[in-house]
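Enquirer: These protein sequence lines map, in sequence, to chains D and L. According to our numbering, the first sequence holds residues 1 to 219 in order. According to our numbering, the second sequence holds residues 1001 to 1225 in order. Ideal Cβ positions, reconstructed from N, Cα and C, are used throughout, including at glycine. Starting off with a structure, shown below.
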Amino acid sequence: MDYAVIESYLPLYKDALALTLKIGWQGIALSLLVGLAGAAILHFKIRILKTITGIYIELFRNTPLLVQLFFLYFALPKIGIKITAQTCGVLGLGLLGGAYMIESFRSGLESIAVIQTESALSLGMTKEQTFIYVILPQAVSISVPGLLANVIFLLKETSVFSTISLMDLMFTAKDLIGMYAKTIECLFLLVVFYLIMLLPVSILGSILERRLRYAGFGD
Amino acid sequence: MQDLGIDVLFKGTNFLRLLQGLWVSVEISLISVVISILLGLLVGILMTFKNPVLRAVLKVYLEIVRIMPQMVLLFIVYFGTTRVFGWDLSAETSAIFVFCFWGTAEMGDLVRGSIKSISKIQFESSFALGMNKIQTYRYVILPQTIRRLIPLSINLITRMIKTTSLVMMIGIVEVLKVAQQIIEANRKASPNAAFGVFAVVFLLYFLVCWPISRLSVYLEKRWAL
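Here's what the structure looks like:
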């Protein structure tokens, strides 16, 4: 292994990490929003939206992100919808993640005992107040381990972005291998940077899981 | 709006080629799933052992699989190991190797979870009824574990199929690659082919994975204890 080579590649990888993280967090934020909205729709059983959400979940959970991205990036411009590669990445990640986040939120919501809703309603709270102040906080704390697993999954999936020519970690590694054929150094850096990105999230996940196990009430 | 380029698929053998491409992904994932389930059963049982060295090794293995994107693993095996060790791996072999490495960890974790989820009462009750250890496992624990495991392993198949779309990146000609080739070849005649062809690929993946994941949900509900 040639350390001079590694040193000269470092700045490129740092830029790539910054871009990966930027798209990753935007996509994850979007997926959380989608997930929360979708879970609320399913929870309140809003008529037509419920069906649409169901179709959306099935469609996006049963197709690979790579295919979704190709569709967003190469196919949509043909019917006049043009989006940049970055938007496409955020959107793709958000939509894929949303389908998984809905499930995590929903399993959290379902695990809240009916007595909680009944008690809140009998205290004179409205349906919305009950949801926001009583059900949601408990449901979220229960869903956190699942949500964090999804976050790791989504950050890993960002490696697919290289196919729509976003300069993420994977793209940089592939590009450098193609140009200078320093395969081992490039792959080594790639692994190190993915570790830097994902190990903290993974550790945070296991800590939070241990903590939040005691946050449940009423059972 | 112009035509959406779906007609391209009906020219020559294009659609058949697309299906053959899909079969390549499905084939790789089926081979990997079978191997992963078998190895995963073993790894999962090993994970329930209390040996500290074994536990540490398996924990590191699980963490590697959890953190490294499958595409990175594919690159390491296909470009990295071939360079370091100088052996000659075909893209298919590397793909199957990587997906087994990944699938075994996933399956192992599922097996461990299922075994752990059987409550202690089940063991104690069967001992109290005079069953010995082998009988307990054979008639009480394993049937319950397997019932919990089957829906989860079916789910693993769909995840495997979805992940195999990545093998395009190491040069295997699967459904997405074929789609790209068809689009490129018809660039002049049908400039909008990208829409139709990618929409069909999207749908094909859905049609393969959806029934499998429904089956998994159905079995999970039906066999819920």
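Check whether the region 27 to 41 of chain D touches the region 96 to 104 of chain D, taking contact to mean three or more Cβ pairs, one atom from each stretch, closer than 8 Å.
Expert: They touch, by the three-pair rule.
Enquirer: Just to confirm before moving on: does the CB-CB distance between G1103(L) and L1156(L) stay below 8 Å?
Expert: Numbered from its first residue, the second sequence carries residue 1103(L) at position 103. Numbered from its first residue, the second sequence carries residue 1156(L) at position 156. Yes, the pair counts as a contact, with Cβ atoms nearer than the cut-off.
Enquirer: Just to confirm, are E185(D) and Y13(D) a CB contact at a threshold of 8 Å?
Expert: The sequence position of residue 185(D) within the first sequence is 185, counting from 1. The sequence position of residue 13(D) within the first sequence is 13, counting from 1. No. Outside cutoff.
Enquirer: Which residues, taken in chain order from the region 86 to 112 of chain D, show a beta carbon closer than 7 Å to some beta carbon of chain L?
Expert: Listed in sequence order: no entries.
Enquirer: Checking 8 Å against the spacing of the C-beta atoms, do L199(D) and Q86(D) come in under that value?
Expert: Residue mapping note: residue 199(D) aligns to position 199 of the first sequence, counting from 1. Residue mapping note: residue 86(D) aligns to position 86 of the first sequence, counting from 1. No; because the gap between Cβ atoms is not below 8 Å, this pair is not in contact.
Enquirer: Note down the Cα distance separating I135(D) from I207(D), rounded to an integer number of angstroms.
Expert: The residue labelled residue 135(D) in the question sits at position 135 within the first sequence. The residue labelled residue 207(D) in the question sits at position 207 within the first sequence. About 24 Å.
Enquirer: Say the cut is 7 Å; is the CB of K182(D) nearer than that to a heavy atom of the ligand COA?
Expert: As for the ligand COA, it is missing from this structure, which has no ligand bound.
Enquirer: In chain order, what are the residue ranges of uninterrupted alpha helix (DSSP H) at least 4 long that sit wholly in the region 1120 to 1156 of chain L?
Expert: You should have 1120 to 1128.
Enquirer: Is it a yes or a no for the region 19 to 33 of chain D touching the region 86 to 96 of chain D, going by three-plus beta-carbon pairs under 8 Å?
Expert: As far as the Cβ criterion goes, the region 19 to 33 of chain D touches the region 86 to 96 of chain D, which means the pair count is three or higher.
Enquirer: For M167(D), which three-state DSSP category applies?
Expert: The sequence position of residue 167(D) within the first sequence is 167, counting from 1. If DSSP states are grouped into helix, strand and coil, M167(D) belongs with coil.
Enquirer: 8 Å is my cut-off, CB to CB: does K127(D) come that close to chain L?
Expert: Residue mapping note: residue 127(D) aligns to position 127 of the first sequence, counting from 1. Closer than 8 Å: no.
Enquirer: Which whole-angstrom value is the C-beta distance of L69(D) and I83(D), which I expect to be below 8 Å?
Expert: Position 69 of the first sequence, counting from 1, holds the residue named residue 69(D). Position 83 of the first sequence, counting from 1, holds the residue named residue 83(D). Not quite, the Cβ-Cβ distance comes to about 11 Å (not below 8 Å), so this is no contact.
Enquirer: Note down, in chain order, every chain D residue with its Cβ under 9 Å from the Cβ of G1021(L).
Expert: By one-based count along the second sequence, residue 1021(L) stands at place 21. Here the premise fails: no neighbours, minimum Cβ distance about 12 Å.
Enquirer: Could you compute how far the alpha carbon of T1136(L) sits from the alpha carbon of Q26(D)?
Expert: Here the question's residue 1136(L) lines up with position 136 in the second sequence. Here the question's residue 26(D) lines up with position 26 in the first sequence. Each residue's Cα considered, the two are about 51 Å apart.
Enquirer: Buried or exposed for G1171(L), please, with buried defined as at least 16 other CB atoms from any protein chain shown within 10 angstroms of its CB.
Expert: Position 171 of the second sequence, counted from the first residue, corresponds to residue 1171(L). Answer is exposed; the Cβ neighbour count stays below 16.
Enquirer: Indicate whether at least one CB of chain D lies closer than 8 Å to the CB of S1029(L).
Expert: Counted from its first residue, the second sequence places residue 1029(L) at position 29. False, the Cβ-Cβ gap to chain D never drops below 8 Å.
Enquirer: How long is the line joining the alpha carbons of F161(D) and L1176(L), rounded to whole angstroms?
Expert: The sequence position of residue 161(D) within the first sequence is 161, counting from 1. The sequence position of residue 1176(L) within the second sequence is 176, counting from 1. Cα to Cα, F161(D) sits roughly 15 Å from L1176(L).
Enquirer: M170(D) versus chain L: which residues are under 9 Å apart at the beta carbon?
Expert: Along the first sequence, one-based indexing puts residue 170(D) at 170. Within chain L, the residues near M170(D) are P1069, M1071, V1072, F1075 and M1169.
Enquirer: Out of curiosity, what's the CA-to-CA distance linking L1062(L) and S1119(L)?
Expert: The residue labelled residue 1062(L) in the question sits at position 62 within the second sequence. The residue labelled residue 1119(L) in the question sits at position 119 within the second sequence. Rounded to whole angstroms, L1062(L) to S1119(L) spans 24 Å at the Cα level.
Enquirer: Determine the chain D residues that contact V1084(L) at a beta-carbon separation under 9 Å, and present them in chain order.
Expert: On the second sequence, position 84 is the one that residue 1084(L) refers to. Per Cβ cutoff of 9 Å: T183 and I184.
Enquirer: Should L19(D) and D175(D) be called a contact, given that it needs their Cβ atoms to be closer than 8 Å?
Expert: As a first step, residue 19(D) must be located in the first sequence, where it is residue number 19. As a first step, residue 175(D) must be located in the first sequence, where it is residue number 175. Going by C-beta atoms, L19(D) is not nearer than 8 Å to D175(D).
Enquirer: Just mark L154(D) as buried or exposed, buried being the case when its beta carbon has 16 or more other beta carbons within 10 Å.
Expert: Position 154 of the first sequence, counted from the start, is the residue given in the question as residue 154(D). Buried, since its Cβ has 16 or more Cβ neighbours within 10 Å.
Enquirer: Between A39(D) and chain L, is there a C-beta pair that is closer than 8 Å?
Expert: Numbered from its first residue, the first sequence carries residue 39(D) at position 39. No, no contact with chain L.
Enquirer: According to DSSP, simplified to helix, strand and coil, what is S145(D)?
Expert: Here residue 145(D) corresponds to residue number 145 of the first sequence, with the count starting at 1. It is Pro, not Ser, that sits at residue 145(D) in the sequence shown. Three-state DSSP puts P145(D) in a helix.
Enquirer: When we look at the beta-carbon of D2(D) and count the other beta-carbons within 10 Å, is it buried (16 or more) or exposed?
Expert: Counting from one through the first sequence, the residue named residue 2(D) turns up at place 2. Counting Cβ neighbours within 10 Å, D2(D) comes out exposed, since fewer than 16 surround it.
Enquirer: Could you pull out every unbroken alpha helix (DSSP H) segment of at least 4 residues lying fully inside the region 1026 to 1069 of chain L, listed in chain order?
Expert: You should have 1052 to 1067.
Enquirer: Do you know how far the Cα of S1090(L) is from the Cα of S1213(L)?
Expert: Along the second sequence, read from residue 1 onward, the residue named residue 1213(L) stands at position 213. Along the second sequence, read from residue 1 onward, the residue named residue 1090(L) stands at position 90. Their Cα atoms are separated by approximately 31 Å.
Enquirer: Chain L partners of E58(D), CB-CB under 7 Å?
Expert: Position 58 of the first sequence, counting from 1, holds the residue named residue 58(D). The answer, in chain order, is W1210.
Enquirer: Please report the distance separating the alpha-carbon of G108(D) from that of E1220(L).
Expert: Position 108 of the first sequence, counting from 1, holds the residue named residue 108(D). Position 220 of the second sequence, counting from 1, holds the residue named residue 1220(L). Cα-Cα distance, rounded: 18 Å.
Enquirer: For the region 1048 to 1063 of chain L, which residues have a beta carbon sitting closer than 9 Å to at least one beta carbon of chain D?
Expert: From the region 1048 to 1063 of chain L, only E1063 have a Cβ closer than 9 Å to chain D.
Enquirer: Whole angstroms is fine: what's the gap from L190(D)'s alpha carbon to A181(D)'s?
Expert: Position 190 of the first sequence, counted from the first residue, corresponds to residue 190(D). Position 181 of the first sequence, counted from the first residue, corresponds to residue 181(D). Answer to the nearest angstrom: the Cα atoms are 14 Å apart.
Enquirer: Under a CB-based cut-off of 8 Å, is G1080(L) close to chain D?
Expert: The sequence position of residue 1080(L) within the second sequence is 80, counting from 1. Yes - at least one Cβ of chain D is within 8 Å of the one on G1080(L).
Enquirer: Buried or exposed for E1124(L), please, with buried defined as at least 16 other CB atoms from any protein chain shown within 10 angstroms of its CB.
Expert: Position 124 of the second sequence, counted from the start, is the residue given in the question as residue 1124(L). So E1124(L) ends up on the exposed side.
Enquirer: Output the boundary residues of the alpha helix (DSSP H) element that contains M1107(L).
Expert: For this step, residue 1107(L) is matched to residue 107 along the second sequence. A1091 to S1117 is the span of the alpha helix (DSSP H), which, as asked, contains M1107(L).
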